[in-house]
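What follows is one structure encoded as structure tokens, with my remarks underneath.
Residue numbers (my numbering): 114 to 289.
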């Protein structure tokens, strides 16, 4: 595909969202073949933590740089904020907060937060990861600070992420 502009999509999610990560990549590949992106001379490139190449640079600093450079940050949460049990040390939370700080000053990257519906059980304590995810979701929604969306099944997520990324590209990209 002959493109002039690359839009970078960074995917941030804990390990319990494997299917949805793949969906974001597949959606971006599909959109790259769409008439809209061809007409706009745009290509979507995805990246996530697992794509970071080993280097002498601190891994978190490398991720922070990638988040700073991306056009769209897709954050997806389910039952965990991250693989880290300590909320304050969560890499995904750090990525999210970094993107939010950047968005407040530069209005970039565009942050899309998705929350997979989870029914909390009686066994879930107030300190559980599920509760931390719910607190994050409530904070974002209460403060109306970023785009959020809920979904319950992969097919529903696929439809939503396709529509949202396509709309963002259409609204924020001009033909070169």
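C-beta atoms are modelled at their ideal positions from N, C-alpha and C, and glycine is treated no differently.
C-alpha gap between residue i and residue j, whole angstroms
{"i": "residue 162", "j": "residue 185", "result": "15 Å"}
{"i": "residue 245", "j": "residue 227", "result": "15 Å"}
{"i": "residue 192", "j": "residue 268", "result": "19 Å"}
{"i": "residue 152", "j": "residue 145", "result": "10 Å"}
{"i": "residue 248", "j": "residue 266", "result": "21 Å"}
{"i": "residue 287", "j": "residue 164", "result": "29 Å"}
{"i": "residue 285", "j": "residue 134", "result": "23 Å"}
{"i": "residue 126", "j": "residue 147", "result": "26 Å"}
{"i": "residue 255", "j": "residue 124", "result": "24 Å"}
{"i": "residue 259", "j": "residue 242", "result": "21 Å"}
{"i": "residue 257", "j": "residue 178", "result": "26 Å"}
{"i": "residue 200", "j": "residue 280", "result": "The predicted model places residue 200 with a pLDDT of 42, which falls under 50 and marks its position as unreliable; any figure quoted below should be read in that light. When rounded, the distance between both Cα atoms is 33 Å."}
{"i": "residue 221", "j": "residue 271", "result": "23 Å"}
Presumed contact (8 Å Cβ cut-off) between residue i and residue j, rounded CB distance
{"i": "residue 274", "j": "residue 136", "result": "6 Å"}
{"i": "residue 187", "j": "residue 122", "result": "6 Å"}
{"i": "residue 140", "j": "residue 278", "result": "6 Å"}
{"i": "residue 264", "j": "residue 230", "result": "7 Å"}
{"i": "residue 250", "j": "residue 261", "result": "7 Å"}
According to DSSP, residues forming a beta bridge with residue i
{"i": "residue 159", "result": "122"}
{"i": "residue 186", "result": "123 and 224"}
{"i": "residue 229", "result": "264"}
Range covered by the beta strand (DSSP E) that runs through residue i
{"i": "residue 253", "result": "Note, residue 253: premise wrong, no beta strand (DSSP E); alpha helix (DSSP H) at 242-256."}
{"i": "residue 262", "result": "260-264"}
Exposure label - residue i; buried when at least 16 CB within 10 Å
{"i": "residue 223", "result": "buried"}
{"i": "residue 119", "result": "exposed"}
{"i": "residue 149", "result": "exposed"}
{"i": "residue 182", "result": "exposed"}
{"i": "residue 142", "result": "exposed"}
N- and C-terminal bounds of the alpha helix (DSSP H) containing residue i
{"i": "residue 278", "result": "267-285"}
{"i": "residue 132", "result": "131-145"}
{"i": "residue 151", "result": "148-153"}
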